[in-house]
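Participant: Pasting a structure below so you can have a look.
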Ligand code: ADP
Ligand code: MG
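Residue numbers (the working numbering): 2 to 242.
Written as structure tokens, this is what we have:
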């Protein structure tokens, strides 16, 4: 189980997260839903160990892992597909997907992962990662790499951004696939129709947790309330701190 306990994050004297508590149970899928600037990517980076919270803890199976870095968390089985995929260049997609051969996966498995994200094995496996790849292709490659890695926790930050209209179906297939391998999904999005596909959801706004529960209920609440409140930066709510 992965948890955030009373996580606060402050940058340049501004509070970005206000005492966030979240629990992610093994084998389930979760969305973190919220408008731009809500603090979703900040949460992802704190879960991954790229950022340290100003206060509060990250717990993994009851152990405090707040002090662990990205590599140490990856070793525990926590991995992420970043909102802006890293620009690895100069290696072939096949090498990238197998971590330079360290990941022992066969051709069939690589083919299956690439084709699930909509890329043909024949056209892409041997292709170099370079400037000729589009943002959407990079994103798909990154998702295929997580499928092959089969981490215990996969954090997907806006996996649908930069993808075309088939993104909804792709996310659904990814969720099914991760469910089979027992990977817990933390899917970050500002799209209701994407959030609806997970088991549970957290609705975050202006760095605060507004609602949690079954995805369909949280999405319904988000639909009714988001954009119609004063729960935004500079509002009365922010001034309370
Ligand atoms: P989301 O992913 O929900 O769109 P972010 O977590 O990226 O939101 O950002 C939350 C808030 O924190 C935003 O107002 C953003 O401008 C601010 N923020 C993020 N990173 C930094 C940073 N490095 N320095 C200052 N402010 C930041
Ligand atoms: Mg973001």
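Ideal Cβ placement from N, Cα and C applies to all residues, glycine included.
Contact between the region 73-84 and the region 47-56: three or more CB pairs below 8 Å?
Facilitator: With a cut-off of 8 Å, the region 47-56 and the region 73-84 count as touching, because enough Cβ pairs lie within range.
Participant: When the Cα atoms are used, what is the spatial distance from residue 25 to residue 96?
Facilitator: Computed Cα separation, rounded: 31 Å.
Participant: Residue 170: which of 117, 149, 133, 61 sits nearest, CA to CA?
Facilitator: Among 117, 149, 133, 61, the Cα nearest to that of residue 170 belongs to 117.
Participant: What is the chain-ordered set of residues for which the beta carbon lies under 6 Å from any non-hydrogen atom of the ligand ADP?
Facilitator: The filter returns 12, 13, 17, 35, 37, 38, 39, 40, 41, 42, 43, in chain order.
Participant: For residue 174 and residue 99, I'd like the C-alpha separation in whole angstroms.
Facilitator: C-alpha separation (whole angstroms): 21 Å.
Participant: Compute the distance between the beta-carbons of residue 157 and residue 130, then report whether it is under 8 Å.
Facilitator: Not a contact, by the Cβ cut-off of 8 Å.
Participant: Look at the alpha carbon of residue 239 and the alpha carbon of residue 207, and state the distance between them as a whole number of angstroms.
Facilitator: For residue 239, the predicted structure reports a pLDDT of 42, less than 50, and the residue's modelled location is therefore unreliable. The matter cannot be settled from this model.
Participant: Residues in the same chain with beta-carbon distance under 7 Å from residue 94, minus the five sequence neighbours each way, listed in chain order, please.
Facilitator: Cβ within range, chain order: 125, 126, 128, 130, 142.
Participant: Are the CB atoms of residue 115 and residue 145 nearer to each other than 8 Å?
Facilitator: Contact: yes.
Participant: How is the alpha helix (DSSP H) around residue 177 delimited, first residue to last?
Facilitator: Element bounds for residue 177: 168-182.
Participant: Between which two residues does the beta strand (DSSP E) containing residue 212 stretch?
Facilitator: Counting along the chain, the beta strand (DSSP E) containing residue 212 begins and ends at 209-215.
Participant: Applying the criterion that 16 or more other CB atoms from any shown protein chain within 10 Å of the CB defines a buried residue, is residue 74 buried or exposed?
Facilitator: Under this definition residue 74 is a buried residue.
Participant: Does any heavy atom of the ligand MG sit closer than 7 Å to the C-beta of residue 51?
Facilitator: Answer for residue 51: no, Cβ out of range of the ligand MG.
Participant: Taking the straight line between their C-alpha atoms, what separation do you get for residue 16 and residue 34?
Facilitator: Rounded to whole angstroms, residue 16 to residue 34 spans 19 Å at the Cα level.
Participant: Between 167, 181, 211, which lies nearest to residue 194 when the distance is taken from Cα to Cα?
Facilitator: Considering only alpha carbons, the answer is 167.
Participant: Report whether the distance from the Cβ of residue 159 to the nearest heavy atom of the ligand MG is below 7 Å.
Facilitator: Yes, the ligand MG has a heavy atom inside 7 Å of this Cβ.
Participant: Report the rounded CA-to-CA distance for residue 22 versus residue 8, giving the unit in angstroms.
Facilitator: Each residue's Cα considered, the two are about 7 Å apart.
Participant: Assuming the contact rule is C-beta atoms closer than 8 Å, residue 199 and residue 30 should be a hit. Round their C-beta distance to whole Å, please.
Facilitator: At roughly 4 Å, the Cβ-Cβ gap stays under 8 Å, so residue 199 and residue 30 are in contact.
Participant: Can you tell me whether residue 183 is buried or exposed? The criterion is at least 16 other CB atoms within 10 Å of its CB, across all chains shown.
Facilitator: By the 10 Å Cβ count, residue 183 comes out exposed.
Participant: For a minimum of 3 consecutive residues, which ranges assigned as the beta strand (DSSP E) are wholly contained in the region 101-164?
Facilitator: Listed in chain order, the complete beta strand (DSSP E) runs (minimum 3 residues) inside the region 101-164 are 154-158.
Participant: Taking only the alpha-carbon atoms, compute the straight-line gap between residue 235 and residue 177 and give it to the nearest angstrom.
Facilitator: The predicted position of residue 235 is uncertain, since its pLDDT is 47 and thus under 50; no value can be drawn from it.
Participant: Note down the Cα distance separating residue 138 from residue 111, rounded to an integer number of angstroms.
Facilitator: Those two C-alpha atoms are separated by around 16 Å.
Participant: Exposed or buried, what is residue 12 when buried is set at 16 or more other beta-carbons lying within 10 Å of its beta-carbon?
Facilitator: Exposed: under 16 other Cβ atoms inside 10 Å.
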